[in-house]
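In order, the protein sequence lines correspond to chains H and F. Going by the working numbering, the first residue of the first sequence is number 7, and it counts up by one from there. Going by the working numbering, the first residue of the second sequence is number 7, and it counts up by one from there. In this text, a Cβ means the ideal position worked out from N, Cα and C, and glycines have one as well. These numbers come from a predicted model, not from an experiment.
Protein chains: 2
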Amino acid sequence: MRNIQIDGERLWASLMEMAAIGATEKGGVCRLALTDLDKQSRDLFKRWCEEAGCAVTVDEMGNMFARRPGKEDGPPVMSGSHLDSQPTGGKFDGAYGVLAALEVIRTLNDHEVQTQAPVEVVVWTNEEGSRFSPAMMGSGVFAGEFEADEIRASVDHDGLTFGEELQRIGYAGEQRAGDHPAGAYFEAHIEQGPILESEETTIGVVTGGQGIRWYDIEFTGQEAHAGPTPMPRRRDAFVAAARIVQEVNAIGHRFAPRACATVGTGEVFPNSRNVIPGRVLLTVDMRHPEEDTLEQMESALRSACDALAAESGVEIAFSRLWALPPQPFDTQCVDAVREGARIEGYSHRDIVSGAGHDALFMARLAPTGMIFIPCEGGISHNEIENASKSDCSAGCNVLLHAIMQTAGGSA
Amino acid sequence: MRNIQIDGERLWASLMEMAAIGATEKGGVCRLALTDLDKQSRDLFKRWCEEAGCAVTVDEMGNMFARRPGKEDGPPVMSGSHLDSQPTGGKFDGAYGVLAALEVIRTLNDHEVQTQAPVEVVVWTNEEGSRFSPAMMGSGVFAGEFEADEIRASVDHDGLTFGEELQRIGYAGEQRAGDHPAGAYFEAHIEQGPILESEETTIGVVTGGQGIRWYDIEFTGQEAHAGPTPMPRRRDAFVAAARIVQEVNAIGHRFAPRACATVGTGEVFPNSRNVIPGRVLLTVDMRHPEEDTLEQMESALRSACDALAAESGVEIAFSRLWALPPQPFDTQCVDAVREGARIEGYSHRDIVSGAGHDALFMARLAPTGMIFIPCEGGISHNEIENASKSDCSAGCNVLLHAIMQTAGGSA
Numbered sequence: 007m008r009n010i011q012i013d014g015e016r017l018w019a020s021l022m023e024m025a026a027i028g029a030t031e032k033g034g035v036c037r038l039a040l041t042d043l044d045k046q047s048r049d050l051f052k053r054w055c056e057e058a059g060c061a062v063t064v065d066e067m068g069n070m071f072a073r074r075p076g077k078e079d080g081p082p083v084m085s086g087s088h089l090d091s092q093p094t095g096g097k098f099d100g101a102y103g104v105l106a107a108l109e110v111i112r113t114l115n116d117h118e119v120q121t122q123a124p125v126e127v128v129v130w131t132n133e134e135g136s137r138f139s140p141a142m143m144g145s146g147v148f149a150g151e152f153e154a155d156e157i158r159a160s161v162d163h164d165g166l167t168f169g170e171e172l173q174r175i176g177y178a179g180e181q182r183a184g185d186h187p188a189g190a191y192f193e194a195h196i197e198q199g200p201i202l203e204s205e206e207t208t209i210g211v212v213t214g215g216q217g218i219r220w221y222d223i224e225f226t227g228q229e230a231h232a233g234p235t236p237m238p239r240r241r242d243a244f245v246a247a248a249r250i251v252q253e254v255n256a257i258g259h260r261f262a263p264r265a266c267a268t269v270g271t272g273e274v275f276p277n278s279r280n281v282i283p284g285r286v287l288l289t290v291d292m293r294h295p296e297e298d299t300l301e302q303m304e305s306a307l308r309s310a311c312d313a314l315a316a317e318s319g320v321e322i323a324f325s326r327l328w329a330l331p332p333q334p335f336d337t338q339c340v341d342a343v344r345e346g347a348r349i350e351g352y353s354h355r356d357i358v359s360g361a362g363h364d365a366l367f368m369a370r371l372a373p374t375g376m377i378f379i380p381c382e383g384g385i386s387h388n389e390i391e392n393a394s395k396s397d398c399s400a401g402c403n404v405l406l407h408a409i410m411q412t413a414g415g416s417a
Numbered sequence: 007m008r009n010i011q012i013d014g015e016r017l018w019a020s021l022m023e024m025a026a027i028g029a030t031e032k033g034g035v036c037r038l039a040l041t042d043l044d045k046q047s048r049d050l051f052k053r054w055c056e057e058a059g060c061a062v063t064v065d066e067m068g069n070m071f072a073r074r075p076g077k078e079d080g081p082p083v084m085s086g087s088h089l090d091s092q093p094t095g096g097k098f099d100g101a102y103g104v105l106a107a108l109e110v111i112r113t114l115n116d117h118e119v120q121t122q123a124p125v126e127v128v129v130w131t132n133e134e135g136s137r138f139s140p141a142m143m144g145s146g147v148f149a150g151e152f153e154a155d156e157i158r159a160s161v162d163h164d165g166l167t168f169g170e171e172l173q174r175i176g177y178a179g180e181q182r183a184g185d186h187p188a189g190a191y192f193e194a195h196i197e198q199g200p201i202l203e204s205e206e207t208t209i210g211v212v213t214g215g216q217g218i219r220w221y222d223i224e225f226t227g228q229e230a231h232a233g234p235t236p237m238p239r240r241r242d243a244f245v246a247a248a249r250i251v252q253e254v255n256a257i258g259h260r261f262a263p264r265a266c267a268t269v270g271t272g273e274v275f276p277n278s279r280n281v282i283p284g285r286v287l288l289t290v291d292m293r294h295p296e297e298d299t300l301e302q303m304e305s306a307l308r309s310a311c312d313a314l315a316a317e318s319g320v321e322i323a324f325s326r327l328w329a330l331p332p333q334p335f336d337t338q339c340v341d342a343v344r345e346g347a348r349i350e351g352y353s354h355r356d357i358v359s360g361a362g363h364d365a366l367f368m369a370r371l372a373p374t375g376m377i378f379i380p381c382e383g384g385i386s387h388n389e390i391e392n393a394s395k396s397d398c399s400a401g402c403n404v405l406l407h408a409i410m411q412t413a414g415g416s417a
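In structure tokens, the structure reads:
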């Protein structure tokens, strides 16, 4: 197999042209799912794919598939991501994965590579979940995680449904979501974390996704006047909640180095300067690549809550809202990514995805791998999100290698 | 001096009749300052005072003075409180102090007691500060703490000014607030705390008011995705803030038994389940009867913030918003209250007022004392606020003794 390379300038130009759709003053992108801007980005993608000789099909969820035929007509090697953004999102989150896959197609064309299996670029609908909740709708229905009818009925802030809006922008296809076999799936993405940049490593070989558990914790004490209520008589819900904020953080450190544990939200009632808080709500996010460890983390948190409730007289109601099990990726796909980085001589390391990605759902259907590239300061979901041209090229070259190896290509 | 007693049934009937003005379904009172309901309560009070033979005058702040002449025409012994309530207030907070003082006048009439000094019942305008901020407006201007023009210009939620509303309800008097000498001041009030009830004590002999200090603390860390950000790289503003919530509580306990330290409010930004908080705002309320100890408490909190900022990498901006110095009451007035409780054979204890009262401002102008009676569960600023008929009578009998002793009375 000849060592061909992608065209980094062309990839960058496509990224910048796509980023102009919904561009914000601060250099970011606001391109919410199923808006006119989403339609524009889809139209541009479709035109580029057709110019690259691909046939574009759309399923009932608006997921788009641009197919480059292989020598055989079997299940394609798919690669892609999403074109929708956060309300104050950046140029790279999602778009990079889609356009890197398109650049692979263009490169295969340039070098007249014929792969055994077809190669498809895929755009998943509403990965962000900003306008319609939950996130990863398109890949979720595709993978059988969500019901198509429920997703179509989901409503945005203005009362518009997903189904109506998808129809309105002209991307509600006929094909049932999921009736589209996949031989393998690769997704390139910015890391959205600080590890690669801080270790000056170019390629993250993603070995899987962390398991995630979400909890709600409600603390009920006794609301009282902050002046005339002596300290020993208090049942202060905020003092109890603060102990649990500390404990969640301690659990994250105790199960180092791969655990994450975060209290993201806190609400205090009645939230008045001179009233002892009678009620506090916290939400907890815990992540780890291994189910057993997640179980231990949850158990440590439950024990801490029970002990504190007994000691403080504050009632603590603990509930698990949601659990996503850890999702290891396919060994061969992971190896293909690692091998691509090795061949190109890029510094690389194994890494676990902390964030949710369409690849996590695809991994239930087909052998899956992901490629991470560094992002500036580890920052994403922010208009200042940034990645370097050379890292974008590097990740795309690794994707090219992984796709060619999996699809069986020769130049 | 003959041992005369107030009429507990008459006092209770007046309390209930007053509580009908602005009565809420849950048994409380909503009688915001300068509303039509406030006017109704003032009209009723005025009628009762005139029926009791008093001349009622009103100053520019709407403070009302009902005068029962003494043998001498010197500065009166004043007693009263406020008739306005919290939006979801109770029947006793304020109204009890006003109607107990009126009951003293009625009792002096019944027994044809002639005091040396005149006795006045006073109603202070807008003690609660719920509709117009700050609290204790009427007594504050009277004591020179606030400027009359600034108070008149203060605006409620609907844009109406204090001055216009006072005029509208017909209680903007001619007399300059403060041009009204006071020989002494007594105020009877529900405790608004749990101490008397839990110790089964009838009378709180209030020795003064706690000093109060209010602080704002802002924590600035680094907002980041809760998934891909390893624990050691985090600058979590909520984890830092939680440490300070713990520390404030610890300071309250460390300076036991008279210190109170409370974090009443907390706001977390961006307050999203899977985002490490980048910013948290806390407010702190610290109270103690001694200025030196307050100073030590503040200093302990500042040190804790400094140490935490250095250790955690989270910026901590600490600011003191407001400070009310401790206000000891006049020894003779306090003794007069204690003596009244002793003569009547009521269980009693010295107590420091944790909450703000008009008496704290009056103490700057004249010898001042306060009488606390128990309230159910220590609960006030709540529609379920409650006090027993016998405790109301007891407090009023103590007030009668204190006023007669101070005014120089004989029956």
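Interface criterion met: the Cβ of H/G233 is under 7 Å from a Cβ in chain F. Legend: CB atoms of the segment 280-298 of chain H lying less than 7 Å from CB atoms of chain F belong to residues N280, V281, I282, P283, T289, D291, R293. Not a single C-beta of chain F is nearer than 7 Å to the C-beta of H/M142. For F/D312, there is no enclosing beta strand (DSSP E); the enclosing alpha helix (DSSP H) covers residues 297-318.
In the DSSP assignment, the residues bridged to H/E126 are H/R73, H/M84. Residue ranges of uninterrupted beta strand (DSSP E) with 3 or more members, entirely inside the segment 172-255 of chain H and ordered along the chain, are 190-196, 209-215, 217-226. Going by beta carbons, H/L405 and H/I377 fall inside the 7 Å limit.
Counting the other Cβ atoms within 10 Å of the Cβ of H/S204 gives fewer than 16, which makes it exposed.
In this structure H/L330 touches H/I218 by the C-beta definition: roughly 4 Å separates them, less than 8 Å.
In the displayed model, F/T41 falls within coil according to three-state DSSP, outside both helix and strand. Residue environment for H/K32: exposed (fewer than 16 other C-beta atoms within 10 angstroms of its C-beta).
For H/F324, there are no neighbours in chain F by C-beta distance under 8 Å, as the nearest C-beta there is about 16 Å away. Approximately 5 Å separates the beta-carbon atoms of H/I157 and H/M143; this is inside 8 Å, confirming the contact. At a beta-carbon threshold of 9 Å, the residues of chain H lying near F/E197 are P234, ordered along the chain.
As the crow flies, the alpha-carbon of F/T131 is around 16 Å from that of F/G95. For the options H/C266, H/S318, H/Q92, the alpha carbon positioned closest to that of H/R249 is the one of H/S318. Residues are counted here when their Cβ sits less than 9 Å from a Cβ of chain F; for the segment 245-257 of chain H these are V245, A247, A248, R249, I250, V251, Q252, V254, N255, given in chain order. Membership of F/F367 in the alpha helix (DSSP H) is indicated by the continuous run 364-368.
Cα atoms of F/L287 and F/F225: separation of roughly 6 Å, rounded to the nearest angstrom. Within chain H, the residues A230, P234, T235, P236, R239 have their CB atoms less than 9 Å from the CB of F/P200, given in chain order. When DSSP states are grouped into helix, strand and coil, H/R326 belongs to the strand group. For H/P263, the neighbours in chain F by C-beta distance under 9 Å run, in chain order, P236, M237, P238. With contacts defined as CB atoms closer than 7 Å, H/V83 and H/V119 fail to qualify as a contacting pair.
Per the C-alpha coordinates, the member of H/I111, H/A58, H/V251 positioned closest to H/T121 is H/I111. Take the alpha-carbon of F/N388 and the one of H/H231: they are about 11 Å apart. It is roughly 15 Å from the alpha-carbon of H/V340 to the alpha-carbon of H/A413.
Judged by DSSP secondary structure, H/D356 falls within the beta strand (DSSP E) whose first and last residues are 354-359. One finds H231, V281 in chain H with Cβ atoms closer than 9 Å to the Cβ of F/H387, taken in chain order.
Less than 7 Å separates the beta-carbon of F/G76 from that of F/A123. For H/S278, the nearest beta carbon of chain F is closer than 7 Å to its own beta carbon. At a Cβ-Cβ threshold of 7 Å, H/E197 and H/C381 count as neighbours. Counting C-beta atoms within 10 angstroms of its own C-beta, F/A26 has fewer than 16 neighbours from the protein chains shown and is therefore classed as exposed. Distance from the CA of F/A19 to the CA of F/K97, rounded to the nearest whole angstrom, comes to 12 Å.
The C-alpha of F/V281 is placed about 37 Å away from the C-alpha of H/Q11. CA-CA distance, F/M410 to F/D222, rounds to 45 Å. Looking at H/R137, H/G176, H/A316, the one whose alpha-carbon comes closest to that of H/H163 is H/R137.
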